[in-house]
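Enquirer: Residue numbers 871 to 1028, in my numbering, belong to the letters of the sequence shown in order.
Sending over a structure as structure tokens; questions will come in a sec.
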Amino acid sequence: MNTILVDGKYICHCGSGKKYKECCYQPRPSSPLTEKGDELIELLDTGYLLLETKKEKKALDIWFQLWEELKLALGPECQNISNMYLMFDGCDLELIYDWCQRFEMELGNAGRKDKNYYHKRISYCKEFCSIFPNSDELIIHNMRRALAESQFAIGNIA
């Protein structure tokens, strides 16, 4: 499914222009993992809305909460970010794949104003690579690059 983010809302892939949840969304039978997936998507959406209103710090706080919740929800068998939707009964967690990269980028942007965010970016990138070592080579490469950039930005040059 290809939903499009417009003004902080996911527009349905069918082309109707309606929100996905108000158009082609098919509710799934409720399960603890499906409900957890829905909670994660809600945090993701809230962060995007805050970014749109230039509330980057609040958005990053929400996304840190999302990251912590995500780590708690994952089992050791999920070593590839692309396979997360299997764990959550097909929940629309493909959005999490894109979010992981956006979160890293926003931490880098925030680090230019406040170096503490570079430290947070370092932790996030290390954790991501440790938790999802079998993810796509490009995303792992990008996380490692971001890690190196952040280390350099705070003066950790070895």
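C-beta: ideal position from N, C-alpha, C; glycine also.
Quick caveat, the model's predicted, so the values are computed rather than measured.
#1: What does DSSP give as the partner residues of LYS888 in its beta bridges?
#2: Output the distance between the C-alpha atoms of HIS989 and SER886, rounded to the nearest integer angstrom.
#3: Closest by CA to ILE1024, which one among LYS985, CYS970, LEU921?
#4: Among LEU965, SER952, LYS888, whose alpha-carbon lies nearest the alpha-carbon of GLU912?
#5: Candidates LYS983, TRP969, ASP968, ARG991: which alpha carbon is nearest LEU977's?
#6: Could you please give the first and the last residue of the uninterrupted alpha helix (DSSP H) stretch that includes CYS999?
#7: Just to confirm, are ASN950 and PHE1002 a CB contact at a threshold of 8 angstroms?
#8: For GLY981, is the classification buried or exposed, using 16 other Cβ atoms within 10 angstroms of its Cβ as the cut-off for buried?
#9: Under a Cβ-count criterion, where at least 16 other Cβ atoms within 10 Å of its own Cβ denotes burial, should MET975 be classed as buried or exposed?
#10: Among ALA943, CYS893, ILE1027, THR923, whose alpha-carbon lies nearest the alpha-carbon of GLY907?
#11: Between the beta-carbon of TRP937 and the beta-carbon of TYR987, is there less than 8 angstroms?
#12: Can the beta-carbon of GLY945 be found closer than 8 angstroms to that of ALA929?
#13: Should PHE973 be labelled buried (16 or more other beta-carbon atoms within 10 Å of its own) or exposed?
#14: Measuring only the C-alpha atoms, how far is ARG1014 from GLU892?
#15: Roughly how many angstroms lie between the CA atoms of LEU910 and ILE1027, to the nearest whole one?
Expert: Taking the definition as stated:
#1: Along the sequence shown, one-based indexing puts residue 888 at 18. Bridge partners of LYS888: none, in fact.
#2: On the sequence shown, residue 989 is found 119 positions in, with the first residue counted as 1. On the sequence shown, residue 886 is found 16 positions in, with the first residue counted as 1. So the alpha carbons of these two residues sit roughly 43 angstroms apart.
#3: Along the sequence shown, read from residue 1 onward, the residue named residue 1024 stands at position 154. The shortest C-alpha separation from ILE1024 is found at LYS985.
#4: The count along the sequence shown starts at 1 and reaches residue 912 at position 42. Of LEU965, SER952, LYS888, the residue nearest in Cα terms is LEU965.
#5: Numbered from 1 along the sequence shown, position 107 holds the residue referred to as residue 977. For LEU977, the nearest C-alpha among the options comes from ARG991.
#6: On the sequence shown, position 129 is the one that residue 999 refers to. First-last of the alpha helix (DSSP H) with CYS999: 986 to 1001.
#7: On the sequence shown, residue 950 is found 80 positions in, with the first residue counted as 1. On the sequence shown, residue 1002 is found 132 positions in, with the first residue counted as 1. Their beta carbons are under 8 angstroms apart, which means ASN950 touches PHE1002 by this criterion.
#8: On the sequence shown, residue 981 is found 111 positions in, with the first residue counted as 1. Result: buried.
#9: To locate residue 975, count along the sequence shown from 1; it is residue 105. Exposed, by the Cβ-count rule.
#10: Residue 907 sits at position 37 when you count from the first residue of the sequence shown. Of ALA943, CYS893, ILE1027, THR923, the residue nearest in Cα terms is ALA943.
#11: Within the sequence shown, residue 937 is the residue found at index 67, counting from 1. Within the sequence shown, residue 987 is the residue found at index 117, counting from 1. Taking 8 angstroms as the Cβ cut-off, TRP937 and TYR987 do not qualify as a contacting pair.
#12: Mapped onto the sequence shown, residue 945 falls at position 75. Mapped onto the sequence shown, residue 929 falls at position 59. No, the pair does not count as a contact, with Cβ atoms beyond the cut-off.
#13: Taking the first residue of the sequence shown as 1, we reach residue 973 at position 103. It is buried - the Cβ of PHE973 has at least 16 other Cβ atoms within 10 Å.
#14: Position 144 of the sequence shown, counting from 1, holds the residue named residue 1014. Position 22 of the sequence shown, counting from 1, holds the residue named residue 892. Taken atom to atom, the span from the alpha-carbon of ARG1014 to that of GLU892 is near 39 angstroms.
#15: For the purposes of this step, residue 910 is taken as residue 40 along the sequence shown, with counting starting at 1. For the purposes of this step, residue 1027 is taken as residue 157 along the sequence shown, with counting starting at 1. So the two alpha carbons sit approximately 36 angstroms from each other.
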